[in-house]
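Here the sequence shown is numbered in our numbering, starting from 1 and rising by one per residue.
Note that beta-carbon positions come from the ideal geometry of N, C-alpha and C, so glycine has one too.
The structure appears right after this line, and notes come after that.
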Amino acid sequence: MTVVVVGAGHGGVQAAASLRDLGYTDKIVLVDGQPHLPYQRPPLSKAFLGDSGGRGGEGEPLRAREFFDSHRVELELAAEVTGLRTADHHVRLADGRTLAYDHLVLATGATNRALEVPGTELDGVVELRTLADASALRGRLRTARNIVVIGGGFIGLEVAAVAAASSSVTVVEPQERVMARAVAPFVSDAVQRAHARAGVNVIVRTGAVAFAGDEGQVRRVRLTDGVELPADLVVVAVGVTANDRLALEAGMHVDNGIVVDPWLRTSAADVFAIGDCAARVHEGSPTPRRLECVQNAVDQARHVATSIVHGRGEPYERVPYFWTHQLDLRIQTVGLGSADDEHVVLGERDRDRFSVCRFRNDRLVAVESVNRPRDHMAARRILDEGGDLRVCDAKRDGFDLKEYAHAELGNKV
Ligand SMILES: Cc1cc2nc3c(=O)[nH]c(=O)nc-3n(C[C@H](O)[C@H](O)[C@H](O)COP(=O)(O)OP(=O)(O)OC[C@H]3O[C@@H](n4cnc5c(N)ncnc54)[C@H](O)[C@@H]3O)c2cc1C
Numbered sequence: 001m002t003v004v005v006v007g008a009g010h011g012g013v014q015a016a017a018s019l020r021d022l023g024y025t026d027k028i029v030l031v032d033g034q035p036h037l038p039y040q041r042p043p044l045s046k047a048f049l050g051d052s053g054g055r056g057g058e059g060e061p062l063r064a065r066e067f068f069d070s071h072r073v074e075l076e077l078a079a080e081v082t083g084l085r086t087a088d089h090h091v092r093l094a095d096g097r098t099l100a101y102d103h104l105v106l107a108t109g110a111t112n113r114a115l116e117v118p119g120t121e122l123d124g125v126v127e128l129r130t131l132a133d134a135s136a137l138r139g140r141l142r143t144a145r146n147i148v149v150i151g152g153g154f155i156g157l158e159v160a161a162v163a164a165a166s167s168s169v170t171v172v173e174p175q176e177r178v179m180a181r182a183v184a185p186f187v188s189d190a191v192q193r194a195h196a197r198a199g200v201n202v203i204v205r206t207g208a209v210a211f212a213g214d215e216g217q218v219r220r221v222r223l224t225d226g227v228e229l230p231a232d233l234v235v236v237a238v239g240v241t242a243n244d245r246l247a248l249e250a251g252m253h254v255d256n257g258i259v260v261d262p263w264l265r266t267s268a269a270d271v272f273a274i275g276d277c278a279a280r281v282h283e284g285s286p287t288p289r290r291l292e293c294v295q296n297a298v299d300q301a302r303h304v305a306t307s308i309v310h311g312r313g314e315p316y317e318r319v320p321y322f323w324t325h326q327l328d329l330r331i332q333t334v335g336l337g338s339a340d341d342e343h344v345v346l347g348e349r350d351r352d353r354f355s356v357c358r359f360r361n362d363r364l365v366a367v368e369s370v371n372r373p374r375d376h377m378a379a380r381r382i383l384d385e386g387g388d389l390r391v392c393d394a395k396r397d398g399f400d401l402k403e404y405a406h407a408e409l410g411n412k413v
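Take a look at the structure:
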């Protein structure tokens, strides 16, 4: 028996590790197109970019090299998978080799979305997804004077937060507030205030229409309202698309990602998909939805490993959680909100220590915490263990999530 895992990111490495943890003794091949020992992505937009961060540009490994040897995981690095034949149960590598599988795990992640405006080819227009991107960006941050970040999502804002220590930084966001897709308006407000305090100029309801330069180097960013911002470094952070080409070309069901059923199985026999590249139907969302966070990739990897070792079992049902650190804000979210949710705010908004509880049909569906890790841990437990928190409970004077979890679910928080 052979399990081939395509993609040695957070999901792929966890899949290999979990297979061994569960007693799988046959062959595991973990393939990745990048040349580096598999590394963690979250630090790349945070500590790694600062002067004190990073380990000499190596990144934080997901596992030490010895782990792969001692667990007999055959690591194929700098080995892009270019083709998949599900009928024959094999994948093809760029160097012409083929790898046969009994089970295939697609953990191919995502690729940054390109911005379709003139001037993206200029020197000084960069993106951030990989260790190589982060190393290059770190070098440029040392000398850049005017930085424009295109996109007020969490990656763009994390870069802005680091860069603000040494440069003039502007964030340009077309929506009416930053991180609009991920968090409630109160949280966006806190983020915008924190960036303003740090001197970051956040411009909302405005997009970039062109980058202009001279002698091949970017110098200006032109905005939809005609304003031109000076820029010697532009970081484009406008979201990602799933790496689903292999699946698409193999004739599998793809819809904004590789579509999986509740057991994370794709439309092809013996092929699973996990993490950023996998799209599945979630409650409250009519179309398949992808999640882009470490927890989702890691927990789905564990689930698939269990299915391979023990057979089909339970459907995958974990409440997703996510974090971002920006300046003096530690933001943690759990659950999935949507536009029509009812909000109850706990804590002190004016001191940036609060949580937004989101309810749908009087059921708690998500909690977003700003500098309240205690709330976050309690909310994870309530949502994971099916606590039945209602709007009227949360609105009660002195209501406390941890105390509620303790009272309803027992003394474990
Ligand atoms: C800068 C940055 C900061 C982030 N910060 C946070 C954070 O604070 N918190 C959080 O929860 N999430 C964060 N994320 C998101 C998180 O990193 C992703 O959700 C997570 O990495 C998804 O894991 P994955 O295994 O699905 O994909 P990835 O970790 O992206 O791994 C996919 C791997 O597949 C490889 N691959 C793709 N196609 C092929 C192919 N054809 N052949 C061979 N190999 C292939 C790629 O090279 C890559 O190594 C951040 C992401 C970035 C980029």
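**Q.** Residues near ARG20 by beta carbon distance below 7 Å, same chain, minus five either side
**A.** On the sequence shown, position 20 is the one that residue 20 refers to. Taken in chain order, the residues that qualify are HIS71.
Q.
Considering only heavy atoms of ligand 1, does any lie closer than 7 Å to the CB of GLU80?
A. Walking along the sequence shown from the start, residue 80 turns up at place 80. Answer for GLU80: yes, Cβ within range of ligand 1.
Q. Among LEU248, SER188, GLY152, GLU215, which residue has its Cα nearest to the Cα of ALA208?
A. Along the sequence shown, read from residue 1 onward, the residue named residue 208 stands at position 208. With distances taken between Cα atoms, ALA208 lies closest to GLY152.
Q. Does the Cβ of GLN217 have 16 or more other Cβ atoms within 10 Å, making it buried, or fewer, making it exposed?
A. Within the sequence shown, residue 217 is the residue found at index 217, counting from 1. Exposed, since its Cβ has fewer than 16 Cβ neighbours within 10 Å.
Q: Along the alpha helix (DSSP H) that carries SER307, what are the first and last residues, could you check?
A: Reading the sequence shown from its first residue, position 307 is the one you call residue 307. Residues 294 to 310.
Q | Endpoints, alpha helix (DSSP H) assigned at HIS343 | A | As a working mapping, residue 343 is identified with position 343 in the sequence shown. Careful: HIS343 lies outside any alpha helix (DSSP H), inside the beta strand (DSSP E) at 342 to 348.
Q: Run the CB neighbour count on CYS277, radius 10 Å, all protein chains shown included, and call it buried at 16 or more, exposed below.
A: Locating residue 277 in the sequence shown gives position 277, counting from the first residue. Per the 10 Å Cβ criterion, buried.
**Q.** Span of the beta strand (DSSP E), counted from its first residue to its last, around GLY83
**A.** On the sequence shown, residue 83 is found 83 positions in, with the first residue counted as 1. Counting along the chain, the beta strand (DSSP E) containing GLY83 begins and ends at 81 to 85.
(Q) Checking 8 Å against the spacing of the C-beta atoms, do ALA110 and VAL126 come in under that value? (A) Position 110 of the sequence shown, counted from the first residue, corresponds to residue 110. Position 126 of the sequence shown, counted from the first residue, corresponds to residue 126. Going by C-beta atoms, ALA110 is not nearer than 8 Å to VAL126.
**Q.** Where VAL281 falls: helix, strand or coil (DSSP)
**A.** Your numbering for residue 281 matches position 281 in the sequence shown. VAL281 falls in the coil class under three-state DSSP.
Q | ILE331 beta carbon near ligand 1 (any heavy atom closer than 7 Å) | A | Reading the sequence shown from its first residue, position 331 is the one you call residue 331. No, Cβ of ILE331 sits at least 7 Å from all heavy atoms of ligand 1.
Q | Opposing strand residues paired with HIS253 [DSSP bridges] | A | Residue 253 sits at position 253 when you count from the first residue of the sequence shown. DSSP, once it has assigned bridges, lists no residue as partnering HIS253.
Q) Given that a residue counts as buried once 16 or more other Cβ atoms are within 10 Å of its Cβ, and exposed if not, what is SER355? A) Residue mapping note: residue 355 aligns to position 355 of the sequence shown, counting from 1. SER355 is buried by the Cβ-count criterion.
(Q) Would you call the region 27 to 38 in contact with the region 61 to 78, where contact means no fewer than 3 C-beta pairs closer than 8 Å? (A) yes
Q: Take GLY33 and list the residues in its own chain whose beta-carbon comes closer than 6 Å to its own, dropping the five residues that flank it on each side.
A: Sequence index remark: in the sequence shown, residue 33 carries index 33 (1-based). The answer, listed in chain order, is GLU80.
Q) Among the residues of its own chain, which have a CB less than 7 Å from the CB of ARG372, if the five just before and after it don't count? A) Working through the sequence shown from its first residue, we reach residue 372 at position 372. These residues qualify, in order along the chain: GLY347, ARG353, PHE354, SER355.
Q) Considering HIS406, what are the terminal residues of the alpha helix (DSSP H) in which it resides? A) The residue given as residue 406 occupies position 406 in the sequence shown. That run of the alpha helix (DSSP H) goes 401 to 409.
**Q.** ARG113 (DSSP reduced to helix, strand or coil)
**A.** Translated into the one-based positions of the sequence shown, residue 113 becomes position 113. In the three-state reduction of the DSSP assignment, ARG113 falls in the coil class, being assigned neither a helical nor a strand state.
Q | Cβ contact check for the region 101 to 121 and the region 239 to 248: 3 or more pairs under 8 Å | A | Below 8 Å, enough C-beta pairs join the region 101 to 121 and the region 239 to 248 to call them touching: three or more.
Q) Anyone know if the C-beta pair for ILE441 and LEU233 falls short of 8 Å? A) Any property of residue 441 remains undetermined from this structure, which presents the chain solely from 1 to 413.
**Q.** Pick from GLY386, TYR316, PRO118, VAL298 that is closest to SER18, judged by C-alpha positions
**A.** As a position in the sequence shown, residue 18 is number 18, starting the count at 1. Nearest C-alpha to SER18: VAL298.
(Q) Considering only DSSP beta bridges, list what GLN332 is partnered with. (A) By one-based count along the sequence shown, residue 332 stands at place 332. TRP323, SER369, per the DSSP bridge assignment.
Q) CB-CB under 7 Å to GLY313, same chain, minus the five flanking residues each way: which ones, in chain order? A) By one-based count along the sequence shown, residue 313 stands at place 313. THR306, SER307.
Q) Which of the three DSSP states, helix, strand or coil, is assigned to LEU246? A) Taking the sequence shown and counting its residues from 1, one reaches residue 246 at position 246. Of the three classes helix, strand and coil, the one that applies to LEU246 here is helix, per DSSP.
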